[in-house]
Every structure is written in C-alpha cells, then in structure tokens.
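Engineer: Numbering (the working numbering), first residue to last: 1133 to 1319.
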C-alpha cells in the first residue's frame, strides 16, 4: 500500500510526510544540557547592520542565482528568509571555521560556505573550514539520500559546483560523539 501511495502522492506531500516523521522522531529524544558560555553574546551583534543593510543586495542576488542552480526547489528545510539570515550572519561575523550539526541536503551548509567565501575576500589570510556532521552518510552514492527530496546534487557535489569543496568537510558520525572528541575549535 505504501508503494502505491508513493506513486500517486505529489512530491510536496511526500516531503511533508518525511518532515513529519523526522520531527516526531526528533521530539522523542531526551533533552541534553550543555555549556553555552563559549558562544557569542547576541547583544554584541548589531542586528540592524546585519539584516537591514542594502549594500550587499547585489551580492545576495548572485548567491540566490548560484543556489537556484544547485539546490532543490522544495527541500522541506528552511525558507529563503532563513537562508538569507544565515548567509548574512556568516558574512557579518566572518568566522574562519564553522561546525554544522545535521547536514541533510547541504543547503544550509552551502549558504554558509558561500558566506564564508565572500567574507574571506575581505580577510584573505584566513584559512576557511566548514565541517558538517550528520548521523547519515548524506553523500552515499548507493542510497542517494538527496534524491528523496528531489535534489540532483549530493551535498558534496553541490559544494563542488559552488567552488567551495576545498574547505568543506562532511563527517558521518553521531554529533555528540564527534563534539566529545574536541579535535578542533570552531568560531
């Protein structure tokens, strides 16, 4: 019966079903406490400069064109406003290294990578690094998890298309185990 439903259900409905199931599984997890003192204080960030500046509008349009080329139109993830906020935050803070927990399709990672690359032009001596950790091998050529969401590119291929592959690393691991190793620091 499931196979028959998949045949007739539109892709957007199947994506919503997948998201619903993922959220249900996520809600079953126990909450963990963590030390947030190393994180930046949000009060130190000028949000007006971050989100309401028009000086980077042409740059943002170029980013959008690049992303339209490589990302699925309905990934079931964040919306354009969220991606713009993420990109602007990375662009504004100009970190050298980022750790992302949960890769999925790699769309958020792609926006962060483009933000890092753009910010690096203003500080070219920094060595960029974006590490994204997921419990699933998001680039597995056999299971092709990106295809479930209509993406024609795996996350690693998306980074190659965006010319960001040289500083993006994909890790398949439990994020808590990965963080516990504390092999490297992140901005």
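Positions of the beta carbon are idealized from the N, C-alpha and C atoms, including for glycine.
Does residue 1241 pass the burial test, meaning 16 or more other C-beta atoms within 10 Å, or should it be called exposed?
Structural biologist: Locating residue 1241 in the chain shown gives position 109, where the first residue counts as 1. When all chains shown are included, residue 1241 counts as buried.
Engineer: I want to know whether the stretch 1273-1281 touches the stretch 1222-1235 - three or more CB-CB distances under 8 Å.
Structural biologist: no
Engineer: First and last residue of the beta strand (DSSP E) that includes residue 1231?
Structural biologist: Residue mapping note: residue 1231 aligns to position 99 of the chain shown, counting from 1. Segment 1229-1233, the beta strand (DSSP E) holding residue 1231.
Engineer: Going by CA-CA distance only, name the one from 1309, 1290 and 1204 that's closest to residue 1300.
Structural biologist: Within the chain shown, numbered from 1, the residue matching residue 1300 stands at position 168. Nearest of 1309, 1290 and 1204 to residue 1300, Cα basis: 1290.
Engineer: Taking residue 1195 as part of the alpha helix (DSSP H), name the residues at either end of that continuous run.
Structural biologist: On the chain shown, position 63 is the one that residue 1195 refers to. It spans 1189-1202 - the alpha helix (DSSP H) in which residue 1195 sits, taken as one unbroken run.
Engineer: Looking at the unbroken alpha helix (DSSP H) that takes in residue 1218, where does it start and where does it end?
Structural biologist: As a working note, residue 1218 is residue 86 in the chain shown. 1212-1225 is the span of the alpha helix (DSSP H), which, as asked, contains residue 1218.
Engineer: Helix or strand or just coil, what does DSSP make of residue 1272?
Structural biologist: Looking up residue 1272 in the chain shown gives position 140. The answer is coil: DSSP assigns residue 1272 none of H, G, I, E or B.
Engineer: My assumption, with CB atoms under 8 Å, is that residue 1283 sits in contact with residue 1203. Please give the rounded CB distance.
Structural biologist: Residue 1283 sits at position 151 when you count from the first residue of the chain shown. Residue 1203 sits at position 71 when you count from the first residue of the chain shown. With a Cβ gap of about 7 Å, residue 1283 and residue 1203 count as contacting.
Engineer: Over what stretch of residues does the beta strand (DSSP E) that includes residue 1266 continue unbroken?
Structural biologist: Reading the chain shown from its first residue, position 134 is the one you call residue 1266. From DSSP, the beta strand (DSSP E) with residue 1266 extends over 1261-1266.
Engineer: Our contact map puts residue 1280 next to residue 1151 with C-beta atoms below 8 Å; I'd like the distance itself, whole angstroms only.
Structural biologist: The count along the chain shown starts at 1 and reaches residue 1280 at position 148. The count along the chain shown starts at 1 and reaches residue 1151 at position 19. Between residue 1151 and residue 1280 the Cβ distance is about 11 Å, and since that is not below 8 Å, they are no contact.
Engineer: Answer with buried or exposed for residue 1296, where buried requires no fewer than 16 other C-beta atoms within 10 angstroms of its C-beta.
Structural biologist: For the purposes of this step, residue 1296 is taken as residue 164 along the chain shown, with counting starting at 1. It is buried - the Cβ of residue 1296 has at least 16 other Cβ atoms within 10 Å.
Engineer: Helix, strand or coil, according to DSSP, for residue 1185 in the structure here?
Structural biologist: Position 53 of the chain shown, counted from the first residue, corresponds to residue 1185. In this structure, residue 1185 counts as coil in the three-state DSSP scheme.
Engineer: Which value, in whole angstroms, describes the spacing of the CA atoms of residue 1231 and residue 1142?
Structural biologist: Position 99 of the chain shown, counting from 1, holds the residue named residue 1231. Position 10 of the chain shown, counting from 1, holds the residue named residue 1142. Their backbone Cα atoms lie some 34 Å apart in a straight line.
Engineer: So residue 1304 is in the beta strand (DSSP E); what residue range does that whole segment cover?
Structural biologist: Translated into positions along the chain shown, residue 1304 becomes position 172. Note, residue 1304: beta strand (DSSP E), 1300-1304.
Engineer: Just the C-alpha distance for residue 1248 and residue 1226, rounded to the nearest angstrom, thanks.
Structural biologist: Counting from one through the chain shown, the residue named residue 1248 turns up at place 116. Counting from one through the chain shown, the residue named residue 1226 turns up at place 94. About 6 Å.
Engineer: What does a CB cutoff of less than 8 Å around residue 1267 pick up in its chain, not counting 5 residues either side in sequence?
Structural biologist: By 1-based counting over the chain shown, the position of residue 1267 is 135. Same-chain partners within the cutoff: 1304, 1305, 1306 and 1307.
Engineer: Run through DSSP, which three-state label would residue 1205 get?
Structural biologist: Here residue 1205 refers to the residue found at position 73 of the chain shown. The answer is coil: DSSP assigns residue 1205 none of H, G, I, E or B.
Engineer: Where does residue 1315 fall in DSSP's three states?
Structural biologist: Indexing the chain shown from 1 puts residue 1315 at position 183. If DSSP states are grouped into helix, strand and coil, residue 1315 belongs with coil.
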